[in-house]
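J.: Shown below is the structure under consideration.
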Amino acid sequence: MKAVIVREHGGVEKLLFEEADKPRIKADEVLVAVKAAGINHLDLWVRKGVPGHKFPLPMIPGTDVAGDIVEAGPLATGFKAGDRVAVMPGFADPLTEHSLSGQDQLSRDYGIFGETRNGGCAEFMDAPARNLMRLPPHMSYSDAAACPLVFLTAWTMLKKAGVKANDLVLMHAAGSGVTSAGIQLAKLLGATVIATAGSEEKLEKARKLGADFLVNYRQDWVEEVKKLTSKGGVDVIFDHVGPDTFDGDMKLIKWGGRYVTCGSTTGGEVKLNLRALFFKRISLIGSTMGPKADQIEVWKLLTSGKVRPVVDRVFAIRDIREAHSYVESRRAFGKVVLDATQW
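The opening position of the sequence shown corresponds to residue 3 in this note's numbering, with each subsequent residue numbered one higher.
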């Protein structure tokens, strides 16, 4: 089968087009003919490498996948050839202690397609039947492939931070996949959203998703947020930027506020004032992916139309290098998706 393979870390030239063996499925798995694959920052990290972290290369990237089942194992109950499906990106042994308690993402064997097991940038992909979600007739493959990781991540972050009606939530990087999902979900929970972005165009798109207040971070965004809150601060900070925003965030968070993060695109280290942390009773919350129950819950919100996919551009998979460069340029608003039928 045709596949994109990363054999060593580096620039977009490390995304290689090769012939690979078609996966052989286990009894509880299915073989999916891939129609679309979403690009996440995780795909960039797998390709570029992360200091101090070892990825199991070679790897077929592609965490978010949608397509058609072409073969189902005898124990892949509930699914058959021809079913249109999306693949949950995270997986773990269902019999671990954490999985049995409903926190599968805490299992030591937890993995992610495209990071620890071959993903969807190929003609075919194998996956356990328990990782499948059905596509409703109205949902396109590209829309489906734009959703699983970012909506799971955003939903779990908001739940862990205890976001509720009337909370004031500061959400950074509105143009990112996670925050464009998070804005919609926070509004669904009844929160008031302050969204930041680096251009007026992105801020206008954030407004259309439901953001109540808009702040351009290329200005003095801390002062702007202070004005919006009459110096009262915010209840929750939703972040995956890291060092570039952390100091300002600590100035803006209310007493008893919650700071939740799922990433650090501007670096891995920040300076933390512990006195401010305990005097203000601030909760710092780390979040990566989320439990399967959250994935199912947020998928129902998507398929029922309560929230919607945000797709910026669809590239042919043969143009995956250009697509990676586009994501890295930070010009996108929402998700970039690969059409996996165009090799």
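Note that beta-carbon positions come from the ideal geometry of N, C-alpha and C, so glycine has one too.
Let me know the secondary structure DSSP gives Lys37 once reduced to three states.
T.: Position 35 of the sequence shown, counting from 1, holds the residue named residue 37. In the structure shown, Lys37 sits in a strand (DSSP, three-state: E or B).
J.: Can you give the beta carbon distance from Asp241 to His140, rounded, assuming they're within the 8 Å contact cut?
T.: Here residue 241 corresponds to residue number 239 of the sequence shown, with the count starting at 1. Here residue 140 corresponds to residue number 138 of the sequence shown, with the count starting at 1. The Cβ separation is near 33 Å, so there is no contact.
J.: Give, in chain order, every unbroken run of the beta strand (DSSP E) that is at least 3 residues long and sits entirely within the segment 123 to 194.
T.: Secondary structure remark: continuous beta strand (DSSP E) runs of at least 3 residues inside the segment 123 to 194, in chain order: 126 to 130, 134 to 136, 170 to 173.
J.: Within this structure, are the beta carbons of Ile41 and Ala5 separated by less than 8 Å?
T.: Taking the sequence shown and counting its residues from 1, one reaches residue 41 at position 39. Taking the sequence shown and counting its residues from 1, one reaches residue 5 at position 3. Contact flag unset, no.
J.: Let's test the definition: count the other Cβ atoms within 10 Å of the Cβ of Val180 and tell me whether it reaches 16, buried, or not, exposed.
T.: Position 178 of the sequence shown, counting from 1, holds the residue named residue 180. Its Cβ being crowded by 16 or more others within 10 Å, Val180 is buried.
J.: Leaving out the 5 sequence neighbours to the left and right, which residues in its chain are closer than 7 Å to Val165 when beta-carbon positions are compared?
T.: Residue mapping note: residue 165 aligns to position 163 of the sequence shown, counting from 1. Once the five neighbours on either side are set aside, the close Cβ partners of Val165 are Val171, Ala188, Leu191, Ala193, Val238.
J.: Going by DSSP in three states, Ser327 sits in which element: helix, strand or coil?
T.: Along the sequence shown, read from residue 1 onward, the residue named residue 327 stands at position 325. Three-state result, Ser327: helix.
J.: Quick one: give me the first and last residue of the beta strand (DSSP E) that Ser285 is part of.
T.: On the sequence shown, residue 285 is found 283 positions in, with the first residue counted as 1. First-last of the beta strand (DSSP E) with Ser285: 285 to 288.
J.: Please check the pair Leu77 and Asp23, which I expect to be a contact at CB under 8 Å, by giving their CB distance rounded to whole angstroms.
T.: Indexing the sequence shown from 1 puts residue 77 at position 75. Indexing the sequence shown from 1 puts residue 23 at position 21. Not confirmed; about 22 Å, so no contact.
J.: State yes or no: is the C-beta of Ala199 within less than 8 Å of the C-beta of Ile185?
T.: The count along the sequence shown starts at 1 and reaches residue 199 at position 197. The count along the sequence shown starts at 1 and reaches residue 185 at position 183. For Ala199 and Ile185, no; Cβs fall outside 8 Å.
J.: Just checking my contact of Glu88 with Leu137 at CB under 8 Å: how many whole Å lie between their CB atoms?
T.: Here residue 88 refers to the residue found at position 86 of the sequence shown. Here residue 137 refers to the residue found at position 135 of the sequence shown. For the sequence presented, residue 88 should be read as Ala rather than Glu. Contact flag correct, Cβ pair sits at about 6 Å.
J.: So, at 7 Å on beta carbons, what are the nonlocal neighbours of Gly54 in its own chain, with the 5 sequence-adjacent residues on each side left out?
T.: Translated into the one-based positions of the sequence shown, residue 54 becomes position 52. Once the five neighbours on either side are set aside, Gly54 has no close Cβ partner at all.
J.: According to DSSP, is Met252 part of a helix, a strand, or is it coil?
T.: Taking the sequence shown and counting its residues from 1, one reaches residue 252 at position 250. Helix, per DSSP.
J.: With distances taken between CB atoms, is the gap from Gly270 to Lys256 smaller than 8 Å?
T.: For this step, residue 270 is matched to residue 268 along the sequence shown. For this step, residue 256 is matched to residue 254 along the sequence shown. For Gly270 and Lys256, no; Cβs fall outside 8 Å.
J.: Excluding the 5 residues flanking His326 on each side, which residues of the same chain have their C-beta closer than 6 Å to its C-beta?
T.: Position 324 of the sequence shown, counting from 1, holds the residue named residue 326. Around His326: Val14.
J.: With H, G and I counted as helix, E and B as strand and the rest as coil, what does DSSP make of Thr305?
T.: The residue given as residue 305 occupies position 303 in the sequence shown. Under the three-state reduction of DSSP output, Thr305 falls in the helix class.
J.: Hey, Ala147 and Ala68: beta-carbon distance below 8 Å or not?
T.: The residue given as residue 147 occupies position 145 in the sequence shown. The residue given as residue 68 occupies position 66 in the sequence shown. Yes, these two residues count as a Cβ contact at 8 Å.
J.: What residue from Trp301, Ala342, Arg310, Val329 has the CA that sits closest to Met135's CA?
T.: Position 133 of the sequence shown, counting from 1, holds the residue named residue 135. Residue Trp301 is the option with its Cα nearest to Met135.
J.: Short check: CB of Ala38 to CB of Ser178, under 8 Å?
T.: Position 36 of the sequence shown holds residue 38. Position 176 of the sequence shown holds residue 178. Their beta carbons are not under 8 Å apart, which means Ala38 does not touch Ser178 by this criterion.
J.: Based on DSSP bridge pairs, tell me the residues matched to Asp66.
T.: Indexing the sequence shown from 1 puts residue 66 at position 64. DSSP, once it has assigned bridges, lists Gly40 as partnering Asp66.
J.: Mind the definition here: the segment 112 to 119 touches the segment 90 to 104 only if three or more C-beta pairs lie below 8 Å; say whether that holds.
T.: yes
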